[in-house]
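Undergrad:
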Amino acid sequence: MHRSLRSKQQTPTALRPRDVIAALVLQGHLTRYQGRRLIFGSPAELRIGQYDILEPIGRGGMGTVYKARHKFLHRIDAIKVLNQSLSRNGVAIERFYREAAAAGQLHHENIVQAFSCDEHNGQLFLAMEYVAGGDLGSLVTKNGPLPVHEAARFILQAARGLEHAWQRGLIHRDIKPSNILIDQQVTAKLADFGLARFAGTPQADSLTPTGAIVGTVYYLSPEQGNSDAEVTISSDIYSLGCTLFYCLIGRPPFVGKSVAPILLQHQQSPAPDLTTLRSDVPADLARLVEKTLAKNPAQRFATPADLAFALDRWATPPPSFVLTKLGQSGRPRNDPAPIVHDPDDQTKPEIRLGPTMQTPSLAHPEMPGQPWQSKGSGTLSRGWPFDSTKSRAFVISLLVAISTIVLLFFFVKLLGGSGPSAPNAKPSSPPQKLTPLVRIPGGTAHLGLAPERIASHLASISGLTFGSTSYERARRALSLEPVTDVTVKVFWIERYEVTNEQYAAFCLATGHRTPSHWPTGVMPAAIRDLPVTYVSGADAKAYTRWAGRRLPTVEEWVRAAGGESRQLFPWGETLDENYAGWLTTRNGSLAPVTAFPQDRSPYGVMNMAGNARELTSSMMTVSGKTGYVVKGGGVTTSGASDGTVASRAIMDADEGGSGFREIGFRCAADKPDPATAQ
Numbered sequence: 003m004h005r006s007l008r009s010k011q012q013t014p015t016a017l018r019p020r021d022v023i024a025a026l027v028l029q030g031h032l033t034r035y036q037g038r039r040l041i042f043g044s045p046a047e048l049r050i051g052q053y054d055i056l057e058p059i060g061r062g063g064m065g066t067v068y069k070a071r072h073k074f075l076h077r078i079d080a081i082k083v084l085n086q087s088l089s090r091n092g093v094a095i096e097r098f099y100r101e102a103a104a105a106g107q108l109h110h111e112n113i114v115q116a117f118s119c120d121e122h123n124g125q126l127f128l129a130m131e132y133v134a135g136g137d138l139g140s141l142v143t144k145n146g147p148l149p150v151h152e153a154a155r156f157i158l159q160a161a162r163g164l165e166h167a168w169q170r171g172l173i174h175r176d177i178k179p180s181n182i183l184i185d186q187q188v189t190a191k192l193a194d195f196g197l198a199r200f201a202g203t204p205q206a207d208s209l210t211p212t213g214a215i216v217g218t219v220y221y222l223s224p225e226q227g228n229s230d231a232e233v234t235i236s237s238d239i240y241s242l243g244c245t246l247f248y249c250l251i252g253r254p255p256f257v258g259k260s261v262a263p264i265l266l267q268h269q270q271s272p273a274p275d276l277t278t279l280r281s282d283v284p285a286d287l288a289r290l291v292e293k294t295l296a297k298n299p300a301q302r303f304a305t306p307a308d309l310a311f312a313l314d315r316w317a318t319p320p321p322s323f324v325l326t327k328l329g330q331s332g333r334p335r336n337d338p339a340p341i342v343h344d345p346d347d348q349t350k351p352e353i354r355l356g357p358t359m360q361t362p363s364l365a366h367p368e369m370p371g372q373p374w375q376s377k378g379s380g381t382l383s384r385g386w387p388f389d390s391t392k393s394r395a396f397v398i399s400l401l402v403a404i405s406t407i408v409l410l411f412f413f414v415k416l417l418g419g420s421g422p423s424a425p426n427a428k429p430s431s432p433p434q435k436l437t438p439l440v441r442i443p444g445g446t447a448h449l450g451l452a453p454e455r456i457a458s459h460l461a462s463i464s465g466l467t468f469g470s471t472s473y474e475r476a477r478r479a480l481s482l483e484p485v486t487d488v489t490v491k492v493f494w495i496e497r498y499e500v501t502n503e504q505y506a507a508f509c510l511a512t513g514h515r516t517p518s519h520w521p522t523g524v525m526p527a528a529i530r531d532l533p534v535t536y537v538s539g540a541d542a543k544a545y546t547r548w549a550g551r552r553l554p555t556v557e558e559w560v561r562a563a564g565g566e567s568r569q570l571f572p573w574g575e576t577l578d579e580n581y582a583g584w585l586t587t588r589n590g591s592l593a594p595v596t597a598f599p600q601d602r603s604p605y606g607v608m609n610m611a612g613n614a615r616e617l618t619s620s621m622m623t624v625s626g627k628t629g630y631v632v633k634g635g636g637v638t639t640s641g642a643s644d645g646t647v648a649s650r651a652i653m654d655a656d657e658g659g660s661g662f663r664e665i666g667f668r669c670a671a672d673k674p675d676p677a678t679a680q
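With our numbering, letter number 482 in the sequence shown gets 484, and the count goes up by one each step, no holes.
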């Protein structure tokens, strides 16, 4: 009996390793990927260098990108590992090292940060910043075309990152939606510098065979499809334009069933008109995209900073949009956070798909293949579920706040607050849309021109007769600046002149008087991008205090305009009135601050020879009268003299005056502003 009872008792079953692993995965101590590697007997794949591999997050022809945790820092990073099959491929190894070297030189909020490059058991790996939000291509694939302001903001941020890389001599060569990552703060970051090269290196090198096409065909510039053409930063700007088009429409501008017809469209076909494909795209924004997609590189934006500056006006969401951080609204954490709007607003932009809308047989992971459609749940037309009551309350509160500010502004004007600000006025609020700053290295500012150089220059100008009134006026303008060399410390200066739109924001925030040519004290929309003029020295200095900056000295202005040499014009020695938009080419009219890309100094400062003439903080006394030194040429002046780096004029220091039609200003700073410095 006793033996029989014992035989019926259940003996405990030993836990199998796979059961323990499964339990650890369920409890969150291991990832599913780690669990599978352990179950199938390959734990060595879970450690590389000082990193514990958590899971793969991307694969490509060159390697695999993993999410990993640093063993000692306990920091989550992304690890790019070169494929084992390429570990003996000299070209692949050299390309991998080149990507690491390129990324290691870049430190910018809109570029994925590289930490280290190392080797582990014969495998090369690159440790980088982990960006949790996914990429721009996935965002559009999952949610459809983006709101206009969201698309503009992402491309603006990518352009800022691209400018940072270009200032350090790098051309990306593979700009596309999947190489623009979006983090949890909804910030765009450029990634994958595997095809990048330094400007000035040969098109075909040991890593790029002659005749090879480098890049992704849907976002390839016309010159990239031509192996004999030079690829410059303009090619990256074209690719950014294609990416912006993709964000707004949901497909690239040119599609086809194979590589050849797509390349041909890039080189020969005009880009589709955005306004015919989507009803809520502003005409000005459509023209901006058209400019980035110009077949001729010289007709595109000159620099990524120029593109970013031009996009700024569309990058601010309307009051009905609420920016939501990732992880606060119920969306899976591996998806980028979109912009959501009130579900009671049923209006949607109309997307009209033309006959070219098709899904090509050529593989393209970033083509959603579907027009704009509703996502999410409930009545939310796009985005995440959220509390509509709270959203509506937020919008109402925002509108009330804006109304209060506007009423307060007009109340101040009625009480006589239209005069100049007090000399020690403090900024009433941080300015939001300042012009990007450019670093000017310390060195020598070469002021003035020797008499013989002036005579030689004037003699070369067609139609200018020696001894004539025009000749003497030009000679005096060029002789006013003393010939001297002055050492200038490193400083920063705005890339463009201050615009009417920026000055209007200052007036609204501080109650400062508006320029005399603004009817009823309100800036006309048509002049928002033109340089602000009709400002006195006091007006300009009040703006710079509000912006946390200052006016440049005449020595700084000359250093920024002429660089290391005593050259005649910011762009060199050649007189060309088309470069700066002087009287003969503009009929005396001011132009947008980005209008003349050739009017560019050695440091990338724009419009120093034309458009508006510019106030400096320096004073000068001529014939017993003291005034501000004014530098640069203007639209109503003669480029022969006034457009040179050496020319100067004097503006009356009447602090209560209303300024002049063609005199504006730009700001300088003693240290960079992290948000705008380049």
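Backbone N, C-alpha and C fix where the C-beta goes; we use that ideal spot for every residue, glycine too.
Tell me the rounded alpha-carbon separation between S518 and G629.
TA: If I take the Cα positions, the gap works out to 21 Å.
Undergrad: Along the alpha helix (DSSP H) that carries L158, what are the first and last residues, could you check?
TA: Segment V150 to Q169, the alpha helix (DSSP H) holding L158.
Undergrad: By Cβ distance below 8 Å, which residues in the same chain neighbour P674 in space, the five residues on each side in sequence not counted?
TA: Answer for P674: L439, R441 and W494, listed in chain order.
Undergrad: So for C669, helix, strand or coil by DSSP?
TA: If DSSP states are grouped into helix, strand and coil, C669 belongs with coil.
Undergrad: Return yes when the Cβ of D308 is within less than 7 Å of the Cβ of T576, no when it is not.
TA: No, the pair does not count as a contact, with Cβ atoms beyond the cut-off.
Undergrad: Compute the distance between the beta-carbons of D238 and I177, then report whether it is under 7 Å.
TA: Yes; because the gap between Cβ atoms is below 7 Å, this pair is in contact.
Undergrad: Within its chain, find whatever has a CB closer than 6 Å to the CB of G450; leave out the 5 residues flanking it on each side and keep chain order.
TA: For G450, where only same-chain residues beyond five positions count, the Cβ hits under 6 Å are E483, P484, V485 and A648.
Undergrad: Given that a residue counts as buried once 16 or more other Cβ atoms are within 10 Å of its Cβ, and exposed if not, what is S140?
TA: Buried, since its Cβ has 16 or more Cβ neighbours within 10 Å.
Undergrad: D238 by DSSP, collapsed to three states: which one?
TA: In the structure shown, D238 sits in a helix (DSSP, three-state: H, G or I).
Undergrad: Just to confirm, are K627 and E616 a CB contact at a threshold of 7 Å?
TA: Not a contact, by the Cβ cut-off of 7 Å.
Undergrad: Do G135 and I184 have their C-beta atoms closer together than 7 Å?
TA: Yes. Within cutoff.
Undergrad: Evaluate the contact criterion for the stretch 285-298 versus the stretch 240-249: three or more CB pairs, one atom per stretch, below 8 Å.
TA: Result yes; three or more Cβ-Cβ pairs closer than 8 Å.
Undergrad: DSSP on R18, reduced to helix/strand/coil?
TA: DSSP places R18 in coil when its eight states are reduced to three.
Undergrad: By alpha-carbon positions, which one of P255, L265 and K259 ends up nearest to D275?
TA: Cα-wise, what sits closest to D275 is P255.
Undergrad: I'd like to check one pair, A562 with S603: are the Cβ atoms closer than 7 Å?
TA: Against a cut-off of 7 Å, the Cβ pair of A562 and S603 comes out as a contact.
Undergrad: For E474, count the other beta carbons within 10 Å of its own beta carbon; 16 or more makes it buried, fewer makes it exposed. Which is it?
TA: With fewer than 16 Cβ atoms within 10 Å of its Cβ, E474 is classed as exposed.
Undergrad: Let me know if T278 comes out buried or exposed under the rule of 16 or more other beta-carbons within 10 Å of its beta-carbon.
TA: It is exposed - the Cβ of T278 has fewer than 16 other Cβ atoms within 10 Å.
Undergrad: Does the beta-carbon distance from I81 to Y68 come in below 7 Å?
TA: Yes; because the gap between Cβ atoms is below 7 Å, this pair is in contact.
Undergrad: Is the beta carbon of S538 less than 7 Å from the beta carbon of G661?
TA: Cβ atoms of S538 and G661: closer than 7 Å.
Undergrad: Looking only at C-alpha atoms, which of R34, V27, T646 and G92 sits nearest to L480?
TA: Nearest of R34, V27, T646 and G92 to L480, Cα basis: T646.
Undergrad: Does the beta-carbon of P45 have 16 or more other beta-carbons within 10 angstroms, so that it is buried, or is it exposed?
TA: P45 is exposed by the Cβ-count criterion.
Undergrad: Quick one: using the 10 Å Cβ neighbour count with 16 as the cut-off for buried, is L148 buried or exposed?
TA: The residue in question, L148, is buried, as its Cβ has 16 or more Cβ neighbours within 10 Å.
Undergrad: Use the C-beta contact count for M621: other C-beta atoms within 10 angstroms, 16 or more gives buried, fewer gives exposed.
TA: M621 comes out exposed.
Undergrad: Rounded to whole angstroms, what is the Cα-Cα separation between M653 and Y498?
TA: Cα to Cα, M653 sits roughly 21 Å from Y498.
Undergrad: Can at least three beta-carbon pairs, one atom from the stretch 35-54 and one from the stretch 92-110, be found at a separation below 8 Å?
TA: No, because fewer than three Cβ pairs between the stretch 35-54 and the stretch 92-110 fall closer than 8 Å, the two stretches do not touch.
Undergrad: Can you give the Cα-Cα distance for P58 and V492, rounded to whole angstroms?
TA: The alpha-carbon atoms of P58 and V492 are separated by roughly 45 Å.
Undergrad: Pull up the DSSP beta-bridge partners for E121, would you.
TA: Answer by DSSP bridge pairing, in chain order: L126.
Undergrad: State the Cα-Cα distance for the pair D21 and H72, rounded to the nearest angstrom.
TA: Taking the straight line joining both Cα atoms gives about 27 Å.
Undergrad: Measuring CB to CB, does F195 end up less than 7 Å from A104?
TA: Taking 7 Å as the Cβ cut-off, F195 and A104 qualify as a contacting pair.
Undergrad: Name the one or two DSSP bridge partners that R552 has.
TA: Partner(s): A670.
Undergrad: Just to confirm my understanding: we take A154, look at its own chain, exclude 5 residues before and 5 after, and list those with CB closer than 6 Å. What are they?
TA: Hits under 6 Å: L313, W316 and A317.
Undergrad: Going by DSSP, what residue range makes up the alpha helix (DSSP H) through Y99?
TA: Note, Y99: alpha helix (DSSP H), G92 to G106.
Undergrad: Does the beta-carbon of A262 have 16 or more other beta-carbons within 10 angstroms, so that it is buried, or is it exposed?
TA: By the neighbour-count rule (16 or more Cβ atoms within 10 Å), A262 is not buried but exposed.
Undergrad: Would you kindly check if the distance between the Cβ of H110 and the Cβ of H166 is under 7 Å?
TA: Yes, the Cβ-Cβ distance between H166 and H110 is below 7 Å.
Undergrad: Ordered along the chain, which non-local residues of its own chain (more than five positions away) have a Cβ less than 8 Å from that of T33?
TA: So the list reads V27, L56 and E57, once near-sequence residues are dropped.
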